[in-house]
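Peer 1: Chains as they are written, first to last, in my numbering: chain A, 36 to 396; chain B, 36 to 396; chain C, 110 to 420; chain D, 20 to 285; chain E, 516 to 838. By construction, the Cβ of each residue, glycine as well, lies at the ideal position given by its N, Cα and C atoms. Just so it is clear, the structure is predicted and the values come from calculations on it, not from any experiment.
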Amino acid sequence: MAYLVLDQLTKRFGNWTAVDNVSLTVEKGELISLLGPSGCGKTTTLQMIAGFLDADGGRVMLDGQDLLAKKPNERGLGIVFQSYALFPHMTAAENVAFGLEMRKIARADRDRMVADALKLVGLEQYGDRHPRRMSGGQQQRVALARALVIKPSLLLLDEPLSNLDAKMREEMQIELRRIQRTVGTTMILVTHDQSEAMALSDRVVVMNKGRIQQVATPQEAYDHPANAFVANFLGRTNLLPGMVGSGAAGTVITVADSVWPVAQPMAAGPGALAVRPEKIGFVDAGGPGGGLSGTVLARVFQGTQWLFEIETAAGRLMVIRQHDGSPLPAERERVMVGWRAEDMAVMPADPEATSLSREAA
Amino acid sequence: MAYLVLDQLTKRFGNWTAVDNVSLTVEKGELISLLGPSGCGKTTTLQMIAGFLDADGGRVMLDGQDLLAKKPNERGLGIVFQSYALFPHMTAAENVAFGLEMRKIARADRDRMVADALKLVGLEQYGDRHPRRMSGGQQQRVALARALVIKPSLLLLDEPLSNLDAKMREEMQIELRRIQRTVGTTMILVTHDQSEAMALSDRVVVMNKGRIQQVATPQEAYDHPANAFVANFLGRTNLLPGMVGSGAAGTVITVADSVWPVAQPMAAGPGALAVRPEKIGFVDAGGPGGGLSGTVLARVFQGTQWLFEIETAAGRLMVIRQHDGSPLPAERERVMVGWRAEDMAVMPADPEATSLSREAA
Amino acid sequence: MSMAASTDTQVQASAAPSAAAPPPRRPRRRHWAPYLLSAPGLALFAVLLLVPLAMTFLLSLNSFSFYGGIENVWQLGNYTDIIADSYFHEVFLRTFRIAAVVTLLCAVFGAPEAYILRRMKSPWRGLCLLIVLGPLLISVVSRTLGWALLFGSTGLVNQGLMALGLIATPIEFMYTETGVIIALTHVLVPFMVLSVWASLQRLDPQVENAALSLGAGPLTVMRRVVLPQIVPGILSGSIIVFALAASAFATPAIIGGRRLKVAATLAYDEFLNTLNWPLGATVAVLLLIANVVIIVGCNRLVERRYKQVFE
Amino acid sequence: MNRNGPIALIFHVLFLGFLLAPILIVCAVAFTSQGYLSLPTEGLSLRWFRAIGDNPEFIRAFKDSLLLGAVSSTLAILVAVPAALAIARHQFFGREAIQALFLSPLMVPHIVLGIAFLRFFTMIGLGGTFAGLVLSHVIIILPFALRLILAASTGMDRAVENAAASLGASSWTCFRRVTLPLILPGVASGWVLAFINSFDEVTMTVFIASPETTTLPVRLFLYIQDNIDPLVAAVSAVLIFLTVAAMLVLDRVYGLERLLVGKGRD
Amino acid sequence: QEKTLYVAAYGGSFEQTMRKDIIPAFEKANGVKVEYVAGNSTDNLAKLQAQRGNQQIDVVILDDGPMYQAVALNFCADLEKAPVYDQLYDLAKMPSGKAINFGAVGTGILYNKAYFDENKIPAPTSWKDIEDPRFKKKLAIPPINNSYGLHALVMMARLNGGGETNIEPGFKEFKDKINPNVLAYEPSPGKMTELFQSNQAVIAVWGSGRAKALADTGFPATFVYPKEGGIVLGSAACQVAGSKNAPEAQKFIQHMLGVEAQTALAVSAGFGPVNKTVELPAEKQVGIPYGPEQVGKLLVVDWDTINKNREVWNKRWTREIER
Ligand SMILES: Nc1ncnc2c1ncn2[C@@H]1O[C@H](COP(=O)(O)OP(=O)(O)OP(=O)(O)O)[C@@H](O)[C@H]1O
Ligand SMILES: Nc1ncnc2c1ncn2[C@@H]1O[C@H](COP(=O)(O)OP(=O)(O)OP(=O)(O)O)[C@@H](O)[C@H]1O
Ligand SMILES: [Mg+2]
Ligand SMILES: [Mg+2]
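1. For D:N23, go through chain B and note every residue whose CB falls closer than 8 Å to its CB, in chain order.
2. Around the Cβ of C:T383, are there at least 16 other Cβ atoms within 10 angstroms (buried) or fewer (exposed)?
3. Skipping 5 residues on each side, what residues in its chain have a beta carbon closer than 7 Å to that of B:G71?
4. Please report the distance separating the alpha-carbon of C:A292 from that of D:V206.
5. Quick one, which of B:D98, B:Q337, B:A234, B:E255 has its alpha-carbon nearest A:F343's?
6. Flag E:N696 as yes if its beta-carbon sits less than 8 Å from any beta-carbon of chain C, otherwise no.
7. Is there a Cβ from chain C that is less than 8 Å from the Cβ of E:S713?
8. When you compare the CB of E:F617 with every CB in chain D, is at least one pair closer than 8 Å?
9. Within 10 angstroms of the Cβ of B:K202, are there 16 or more other Cβ atoms? Answer buried if so, exposed if not.
10. What's the C-alpha gap between D:W67 and D:A170?
11. Helix, strand or coil for C:Q315? Go by DSSP, reduced to three states.
12. Buried or exposed, going by whether 16 or more other CB atoms sit within 10 Å of the CB of D:F112?
13. Which whole-angstrom value describes the C-beta separation of D:A105 and C:A142, a residue pair presumed to lie in contact below a C-beta threshold of 8 Å?
14. Can you check whether the CB of B:G329 is closer than 8 Å to the CB of B:E346?
15. How about C:G288 and C:F282: do their beta carbons lie closer than 8 Å?
16. From B:L179 to C:G406, what does the alpha carbon distance come to, in whole angstroms?
17. Could you have a look at B:D101 and say whether DSSP puts it in helix, strand or coil?
18. Helix or strand or just coil, what does DSSP make of C:P136?
19. With B:R238 and B:V225 assumed to form a contact (beta carbons below 8 Å), what rounded beta-carbon distance in angstroms separates them?
20. Counting contacts by CB-CB distance shorter than 8 Å, is D:G54 in contact with chain E?
21. Along chain C, which residues have their Cβ under 8 Å away from the Cβ of D:D73?
22. At least one CB of chain B closer than 8 Å to the CB of D:A182: is that the case?
23. Tell me the rounded alpha-carbon separation between D:A80 and C:S248.
24. So what does DSSP say about B:P107, is it helix, strand or coil?
25. Is DSSP giving B:Q117 helix, strand or coil here?
26. Quick check on B:E194: does DSSP put it in helix, strand or coil?
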């Protein structure tokens with residue numbers, strides 16, 4: 036049986052529905068990420084699981100037991116709060132030790148475990164400092180250590196790494212993964228960082244306006260988004276308007292001056308073609324694949340990769356190329372772009388799709 | 036003359052030096068990012084510029100005037116605080132309006148500007164809500180709107196986007212960039228997100244332990260890091276131990292079973308070879324370039340790209356490949372990797388280098 | 110050139126000016142603000158409190174005789190009298206014993222009550238807060254009247270208990286120390302509730318949630334997480350309660366009667382009944398000094414112990 | 020959601036019962052038909068309420084008390100707020116001494132203060148004036164206001180004030196628009212406490228009140244010196260009623276919650 | 516401009532009487548305004564002391580004990596001669612000639628008649644009856660800084676072979692026999708009333724005037740003079756030395772000794788008249804020391820001796836009795 040079950044969980048603030056009929060099952064040892072635009076109800080969902088907000092409807096079952104009937108302090112969960120919620124009157128070490136004390140761990144063990152946890156988050160020298168005297172990232176790491184040290188069987192993480200630099204974040208991600216694997220901790224992670232969600236999660240849950248949009252493995256959700264919102268929210272997508280019609284090779288879609296075969300049967304009429312920027316490459320004029328011609332409007336360095344904005348007859352395109360030293364076009368250069376037919380998705384025209392995520396904010 | 040000059044700015048907390056002799060000049064209209072591990076003194080530096088912490092030494096000149104002599108409220112800066120610091124007793128709209136009221140903007144204008152600012156951050160419907168009733172990301176956006184609406188000539192941003200999802204963050208980045216270009220605002224941005232820093236900044240300032248390590252354009256700092264700390268901090272780097280010796284083609288470095296030419300003259304002896312993961316590709320066995328053979332230990336999906344960990348005779352390597360649909364090796368597959376000689380850097384063996392960033396935390 | 114080598118040169122380049130001259134020291138900003146802020150209060154107190162108190166102190170050095178009245182001689186006779194007399198010791202001891210017990214009771218009952226109040230829902234909370242203020246809203250005279258009616262040997266409580274057969278003879282309440290303590294706790298506990306209330310406002314509820322999530326029961330949350338953070342409030346309340354209890358006059362006079370004398374009633378007697386003002390002034394000065402020493406001492410102790418919370 | 024458990028509620032009810040018991044008794048006694056203190060066992064009577072009407076001095080004294088309380092507690096707040104901020108915010112030389120000074124009126128028996136003020140006011144010619152009464156009350160109620168404001172302002176998030184300053188708010192504006200609203204619950208409860216104390220003060224006021232301006236408690240005190248009768252209870256009951264009414268009006272007009280709890284909080 | 520005369524005197528029913536029956540007539544006759552400073556004897560005496568050298572009060576009314584002290588402390592000016600003084604009983608005059616008793620009450624025993632009847636206890640007849648163990652914790656006595664208490668102490672001394680000059684037996688009696696019965700040494704008349712009304716005290720040493728006020732409320736309390744004799748307690752008035760309105764102050768005192776004022780005081784406040792020419796109807800005489808023979812039966816105490824020793828007695832009292 037599933038370890039954690041959310042069954043039609045609902046929360047209203049006044050007449051504002053923050054979480055709307057959310058149902059989800061999580062297996063033991065799984066790491067699930069909640070993704071969604073700011074204000075979509077992620078924190079609210081966690082707070083209900085933790086018992087700090089009363090649900091207006093629905094159930095939460097943990098290991099076969101009704102969780103909502105238990106008091107928050109008996110649920111035995113670990114939580115990292117978005118706002119850290121450190122005890123301001125305790126030092127970092129005391130903050131971390133608190134949960135252990137509650138579990139009546141002997142003094143010596145406790146001290147060792149606290150030291151280990153602080154070391155884990157790179158704060159071994161900061162045990163004596165009070166939260167008010169720590170930097171934002173340091174506070175966040177104390178919050179993380181405090182939740183990890185009690186080795187809970189279910190860990191709720193609300194943006195636990197948002198204030199850490201890339202290096203530290205990566206280390207923490209690896210650490211979380213290791214704990215999940217070795218200890219078997221079930222984790223629910225809220226993060227705004229998609230690559231973090233992608234890298235860590237067994238499955239991602241994409242939410243919008245309090246509702247679940249898709250539950251799937253990261254790659255599945257990325258490559259086969261359930262709807263336009265997910266497609267748009269997870270990574271960037273180029274949506275190009277076109278006309279679906281019948282060609283010699285079966286159904287085709289015509290975008291500007293290029294023609295692409297469509298795998299699935301589709302009615303003729305206006306349609307849209309979705310292709311991710313990293314799937315688009317620069318091709319030689321007249322090479323294989325349709326190929327659209329355009330002009331480089333801007334190129335932006337992003338560390339491991341470059342982001343290009345390209346003006347074509349079908350509209351603006353975003354293209355991502357790896358910063359691997361290979362020659363790349365300059366701004367204002369004329370280029371030809373193309374992609375493989377299997378990397379694109381064709382869907383009926385949806386005037387709303389592009390504005391969905393914006394509106395959801 | 037430079038617009039903003041920090042001259043040997045120093046701040047001590049007790050006998051802890053949080054900011055150590057920081058000197059920096061910023062031109063008018065420039066966008067500078069402060070990067071560095073958690074706790075390296077970024078927030079402290081901003082707080083001194085803003086006047087909330089008294090500097091223990093050094094000067095800050097803005098437009099030729101001594102800033103430290105002025106009271107905080109006369110400095111005319113805009114600030115987004117890491118902890119938001121919203122006024123809890125005011126609604127979102129009142130928070131945003133506050134700065135305008137201080138500037139005695141007429142009622143009608145003010146209302147319009149507030150509405151515009153809230154719209155800008157996607158909170159047009161949330162004007163009446165108090166901060167306690169908003170989600171983390173919503174609060175952060177209110178903080179951003181509050182700082183932007185007064186159109187300050189110098190804007191200090193302390194992790195302004197850390198709680199926003201990718202989509203929203205990108206929009207905000209574009210917005211910041213637009214404001215910087217059109218209004219000519221000078222900005223100092225603290226961010227833990229390197230790609231954000233890379234994408235937005237005219238120059239980046241890398242700090243560690245309260246000191247500046249390098250000031251350069253993003254690409255320069257990335258491709259030509261001033262020291263091992265910067266190399267390690269900005270993006271990932273593979274450091275492989277090897278032996279420098281003389282070969283037929285001049286100086287070479289031997290790493291495991293592969294041999295690479297070294298451009299600059301170097302003494303023979305133990306050395307190290309640094310190469311960024313995205314510069315490494317999978318090559319055919321026996322193809323051009325040295326090529327190391329190894330086994331794929333793990334592959335992690337990161338959205339636009341895949342991260343590989345590869346076990347080789349020279350140690351573990353990280354490799355990044357774009358998720359562009361091209362075939363990629365599976366876990367436990369045997370592969371051969373290689374890179375172009377110009378993408379690698381060779382340096383004398385430095386036992387400390389790999390642990391530097393860790394220790395700095 | 111190696112990376113490591115380039116490190117030094119680059120850093121040096123950026124730090125070049127600093128190598129030449131030591132960083133300019135900033136003169137520490139003079140902090141007049143606190144003095145300016147307390148100036149109005151200080152001025153008011155200097156004129157209106159220190160002068161009368163000084164007059165009182167001078168008075169305590171005078172001597173008195175029944176027929177001669179107050180004589181303008183300067184001597185410490187009153188002080189030595191009090192210090193040598195076990196009667197005064199007893200009174201002072203009783204005063205501080207009562208004050209300490211009352212403070213303790215107020216803290217033990219008032220602080221939890223404030224916490225409970227904070228967790229109540231909207232209309233109830235305001236209402237209950239009003240009730241808590243209740244005892245303050247009626248004159249001390251009527252209040253103690255109420256107590257006498259309730260707790261006198263023929264009062265409601267004793268009659269009720271006797272009717273139920275729980276006690277055979279009435280419980281002594283009037284003219285006992287217990288009575289004084291209960292009545293003082295009753296009047297003073299609102300001060301504790303209010304001042305704890307004021308400091309509870311700053312608490313972040315998520316912090317309590319964090320403690321719950323770590324397995325702390327409600328009592329532990331209160332003791333380990335809430336309590337330390339509201340120490341300033343409890344301290345404020347305790348200071349008010351202790352000071353008021355130690356210098357209380359009406360309640361000990363009415364409930365305690367003349368046989369259960371405390372410092373204030375003693376001073377009252379000297380001032381009004383025997384007209385021996387110098388002696389009364391001496392009692393007052395000693396009470397003031399003892400109070401200040403105890404209160405400032407505790408204040409400092411608590412502020413040091415809970416340094417973090419007071420920043 | 021944090022709610023009070025059953026034990027907490029039982030405690031709460033007992034606590035309120037303890038606070039209310041003597042008050043309710045006094046109110047009940049006010050309705051007696053007897054000429055002496057007794058519970059109204061044989062029928063309710065309003066005779067003692069009517070008797071208040073026969074004592075116009077009570078009503079005059081009541082007005083004087085209200086005025087005195089309002090003026091002196093407002094003055095006390097005006098002085099206490101800056102002082103509390105100085106003490107809560109700054110570490111400076113003499114901080115403890117200043118704090119002890121401001122609290123000292125709490126620690127002196129009021130009879131002593133009464134005589135000290137009487138001597139002093141007579142000396143400087145303020146004897147028997149309303150101003151003298153106000154000033155002496157400001158002194159004795161200031162500690163209450165100060166301590167409560169102090170409790171509210173220690174540990175307040177400075178970042179919020181910094182934010183206001185960065186947006187161009189002068190110290191005064193910052194105080195008015197940000198600090199004050201945030202410590203308002205403390206200030207409001209401070210004012211209420213100060214008012215109540217001024218309104219209830221007898222021991223000291225007996226000495227400085229003049230025949231022209233006497234406070235209600237002094238009137239009551241002198242009255243019961245001679246004879247206690249249910250009139251005192253009736254006056255108390257009326258006072259309680261008026262207070263409750265005033266609070267209800269305040270609640271309607273401004274919101275008690277908002278005043279004592281603060282805006283935008285839960 | 517009208518002159519204002521400040522008169523400091525007791526509050527409560529006495530104040531009502533003064534305001535209603537005595538002051539208006541005086542104001543009309545003399546064209547001055549009278550401000551009444553209410554306060555008990557000790558409060559007012561303290562005010563005199565606090566304002567020494569800058570007196571705001573013109574006439575002060577105190578119990579005779581405190582008045583002796585006020586005179587001793589030079590707060591009072593000499594009384595001017597006036598015809599009304601010739602109409603007074605001798606006991607009205609104070610030796611110094613600076614103050615005058617304008618009314619008299621007697622110290623005796625007050626008891627709760629209903630309680631006594633219910634428990635079949637015979638009415639008290641002797642000072643010694645307050646030692647009856649049946650009254651354990653049911654007896655109330657004012658302390659000795661109050662005249663009633665002082666009278667009780669002196670009386671106990673006298674009954675045991677001592678007196679003003681040998682107070683020792685009095686202290687001994689209080690300590691051994693009376694103390695166990697005492698619920699409270701209660702100086703405040705109001706509080707004393709309350710003790711009776713709430714049935715906490717059923718017997719007390721008190722004054723006739725107070726007893727009358729209590730009985731007037733309908734409370735079943737009865738006052739008796741013990742067989743050994745009651746003690747007279749005067750209320751005295753004097754012109755404050757340094758008064759700015761000395762002539763009016765003197766006139767006011769004389770006014771209080773006049774027939775109308777004396778009658779009003781007797782009827783409404785229970786003060787035995789000191790003016791021989793006052794005649795009261797029989798039903799108004801109840802509970803008031805009235806007429807030469809009644810007043811003559813009352814004992815007087817020797818204030819000079821008492822005041823000389825008062826400080827010492829007070830000290831002993833607080834340390835030995837009130838502990
Ligand atoms: N009030 C204080 N007292 C003592 N030490 C402090 C205080 N404030 C900050 N520090 C220390 O100074 C260092 C610099 O802090 P700062 O807040 O500037 O870091 P930061 O670079 O902003 O880090 P982050 O990215 O985690 O926010 C930290 O190590 C912190 O612990
Ligand atoms: N106490 C409250 N009263 C009213 N509305 C609330 C309250 N708390 C949250 N909300 C609203 O409910 C919605 C969901 O909030 P929640 O905190 O769950 O968002 P979130 O998904 O965590 O967003 P973020 O990524 O910005 O933290 C938001 O629109 C928020 O404004
Ligand atoms: Mg959230
Ligand atoms: Mg920071």
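Peer 2: According to the structure shown:
1. Those within 8 Å of D:N23 in chain B number zero; the least Cβ separation is about 21 Å.
2. So C:T383 ends up on the buried side.
3. Closer than 7 Å at the Cβ level, and outside the excluded window around B:G71, lie K77, V241, M242, N243.
4. Taking the straight line from one Cα to the other gives about 27 Å.
5. Looking at the Cα atoms, B:A234 is the closest of the given residues.
6. The beta carbon of E:N696 does not come within 8 Å of any beta carbon belonging to chain C, so the residue lies off that interface.
7. By this cut-off, E:S713 is an interface position.
8. Contacts with chain D at 8 Å (Cβ-Cβ) do not include E:F617.
9. B:K202 counts as buried, since no fewer than 16 other beta carbons sit within 10 angstroms of its beta carbon.
10. If I take the Cα positions, the gap works out to 42 Å.
11. Of the three classes helix, strand and coil, the one that applies to C:Q315 here is helix, per DSSP.
12. D:F112 should be labelled exposed.
13. Under the criterion of beta carbons closer than 8 Å, D:A105 and C:A142 qualify as touching, at roughly 7 Å.
14. Cβ atoms of B:E346 and B:G329: closer than 8 Å.
15. The criterion of a C-beta distance shorter than 8 Å is satisfied by C:G288 and C:F282.
16. Answer to the nearest angstrom: the Cα atoms are 46 Å apart.
17. In this structure, DSSP gives B:D101 an extended state, which the three-state scheme calls strand.
18. The predicted position of C:P136 is uncertain, since its pLDDT is 47 and thus under 50; a value taken from the coordinates is nonetheless stated next. Coil, per DSSP.
19. So it is not a contact: roughly 14 Å between Cβ atoms.
20. Yes - at least one Cβ of chain E is within 8 Å of the one on D:G54.
21. Going along chain C, no residue has its Cβ under 8 Å from D:D73, so there is no contact; the nearest lies around 19 Å.
22. So yes, D:A182 belongs to the interface.
23. When rounded, the distance between both Cα atoms is 14 Å.
24. Reduced to three states, the DSSP call for B:P107 is helix.
25. For B:Q117, the three-state secondary structure derived from DSSP is coil.
26. DSSP places B:E194 in coil when its eight states are reduced to three.
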